[in-house]
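Encoded as C-alpha cells, the structure appears first; notes follow it.
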Amino acid sequence: MPELPEVETVARQLAPVLTAKCLRRLVIYDEKLAGIKTHKVANRRIERVCRLGKQLVLELSPKPNSSKQCWLSIHLRMTGRLIYAANSRLPSHPDKQHLRAKLVLDDGAVSLYDLRRFARIALHDSLVTAQPQGLDPTSRAFSVQRLTELLRISTSPLKPWLMRQDRLVGIGNIYASEICFAAGIHPAQSANTLNNNEIQCLYRATKHILRAAIKHCGTTFSDFQDSRGQTGGYVRYLKTYGRENEPCKACRTPILRIVQQQRSTYFCPQCQRR
DNA sequence: ACCCTCCTGTCA
DNA sequence: TGACAGGAGGGT
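First residue of the first sequence: 57, per my numbering; consecutive thereafter.
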C-alpha cells in the first residue's frame, strides 16, 4: 500500500520521535517478516530516520567497543503500518492479531502491523545495500534530461514503466495512474515514443502529484494509516484511481479501468488519448 | 517483457 | 465463489 508519499509521511512523523533515542530492543512476532538476529540492533542509538524509495530506514549507532554502524530498513509493501505510541498512551492498538514486530524505546514503541505479511525488515551494514537502484523523483537529481534518457531505453507501456523501481523509485499503482492523467498521456503508450512535450508534461506531473500527495499526508484507499493512526488526506484529490465508471473531473467522460501486468489502471479515454 | 506467487481479507 | 487489494522477487 504505501507508496512514496505515504512512506515520506511516516518518515517525517517518526523522525522527531525516534531520532537520538535508544532502540532498546526489536521484537519480532512473525519470523517471516524479518530474519534478523535482534540482539544485533538492541541498545543502539537511532542517529537518523529517512525514506529510501518506499522504504523507511533507521541509521543506528555502533555498539560500544565497535565502530560499525548499521541500517535497519522497513518495507511496508501492501498492508504494513507503523504506529507510534508513547508509554503514557499504552495500551495501544486493538489490532493485536496483525502485530508483526515492535521497536521498543525507553518512552514508547513503534509497532508494525501487517495484515498480508508482505512487509520486510532487514539489516544492512551499509546504506548502499539498503538503497533501491532507481532515481528518487523528489530529489534534485531528477531532471527532464534524466527522465528522457530513462524513457528512451524502454518499450514498456508508460504506466507499468512508472512502477518499476529500478528506474524511478517510489511510484506505485495509485500514483502511476494519477501521474499519467495529470500528464494527459495514455497509460499504454510506449515509454520510448513520448515526444519532448509529453516528457515535459510527465516530468511536471510526477513532481506535482508526489508533492501534493506528501502535502496531504498520502492516500488512504482502503487501509493506510500514518504513524499516528490517521488516514491520508490525498484520497479526495484522486482523479482516476478507484473511479471506474465515475465521470472524469475534467470532462465528465466515464473513467475506464484496464488491466496492465495484473494491476488495475484507471484513466480517462478523452483526456488521455493515444 | 510477461506471468505467478507470496498472504489475508473484503466485497459483489 | 471468484475477483481484487497500496509491492516486488522469481521464473520462463
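Virtual Cβ for every residue (Gly too), placed ideally from N, Cα, C.
Worksheet item: Which one of His95, Ile177, Thr194, Arg80 has the shortest CA to CA distance from Glu64?
Response: On the first sequence, position 8 is the one that residue 64 refers to. Looking at the Cα atoms, Thr194 is the closest of the given residues.
Item to complete: Keeping to the same chain, check which residues put their C-beta closer than 8 angstroms to that of Arg319; ignore five residues upstream and five downstream.
Response: If you number the first sequence from 1, residue 319 lands on position 263. For Arg319, where only same-chain residues beyond five positions count, the Cβ hits under 8 angstroms are Pro216, Met219, Asn229.
Worksheet item: Looking at the structure shown, is Gln316 part of a helix, part of a strand, or coil, going by DSSP?
Response: Residue numbering aside, residue 316 sits at position 260 when the first sequence is read from its first letter. Three-state result, Gln316: strand.
Worksheet entry | CB of Asp86 within 8 angstroms of CB of Arg176, strictly | The residue given as residue 86 occupies position 30 in the first sequence. The residue given as residue 176 occupies position 120 in the first sequence. Cβ distance not < 8 angstroms, so Asp86 and Arg176 don't count as in contact.
Practice prompt. Can you grab the Cα-Cα spacing for the pair Thr67 / Cys106, in whole Å?
Written response: On the first sequence, residue 67 is found 11 positions in, with the first residue counted as 1. On the first sequence, residue 106 is found 50 positions in, with the first residue counted as 1. Before going on, a small fix: residue 67 reads as Ala here, not Thr. Going by the C-alpha atoms only, they are around 6 angstroms apart.
Worksheet entry | Other residues of its chain near Ile130: CB distance less than 6 angstroms, five sequence neighbours each side excluded | For the purposes of this step, residue 130 is identified with residue 74 of the first sequence, where counting begins at 1. Leu112, Ile177.
Worksheet item: Where in the segment 248 to 272 do unbroken runs of the beta strand (DSSP E), each at least 3 residues long, occur, reported from the N-terminal end onward?
Response: none
Worksheet item: Going straight from the alpha carbon of Gly190 to that of Ser210, what length do you get?
Response: Here the question's residue 190 lines up with position 134 in the first sequence. Here the question's residue 210 lines up with position 154 in the first sequence. Distance between the alpha carbons of Gly190 and Ser210: 15 angstroms.
Item to complete: Examine the Cβ distances between the segment 132 to 140 and the segment 158 to 173 and report whether three or more of them are shorter than 8 angstroms.
Response: yes
Worksheet item: What span of residues does the beta strand (DSSP E) with Arg137 cover, start to end?
Response: One-based indexing of the first sequence puts residue 137 at position 81. Segment 136 to 142, the beta strand (DSSP E) holding Arg137.
Worksheet item: If you drop the 5 nearest sequence neighbours on each side, which residues of the same chain put their C-beta closer than 6 angstroms to that of Arg104?
Response: Against the first sequence, residue 104 aligns to sequence position 48. Counting only Cβ-Cβ distances below 6 angstroms, and skipping sequence neighbours, we find Glu115.
Worksheet item: In chain order, what residues of the same chain lie with their CB nearer than 6 angstroms to the CB of Ala244, ignoring the 5 residues before and after it?
Response: What you label residue 244 is simply residue 188 of the first sequence in a count that begins at 1. Pro213, listed in sequence order.
Worksheet entry | One or two residues paired with Gln245 in a DSSP bridge | Stepping through the first sequence from its first residue, residue 245 is reached at position 189. Partner(s): none; Gln245 has no beta bridge.
Worksheet item: So, helix, strand or coil for Gln111, using DSSP?
Response: Here residue 111 refers to the residue found at position 55 when the first sequence is read from its first residue. Gln111: strand per DSSP, three-state reduction.
Discussion item. Please list the terminal residues of the continuous beta strand (DSSP E) segment that includes Ser117.
Written reply: Numbered from 1 along the first sequence, position 61 holds the residue referred to as residue 117. Ser117 -> no beta strand (DSSP E), and no H or E assigned at all.
Discussion item. Under DSSP, the beta strand (DSSP E) around Val200 begins and ends at which residues?
Written reply: The residue given as residue 200 occupies position 144 in the first sequence. That residue, Val200, is in no beta strand (DSSP E); its alpha helix (DSSP H) goes 200 to 208.
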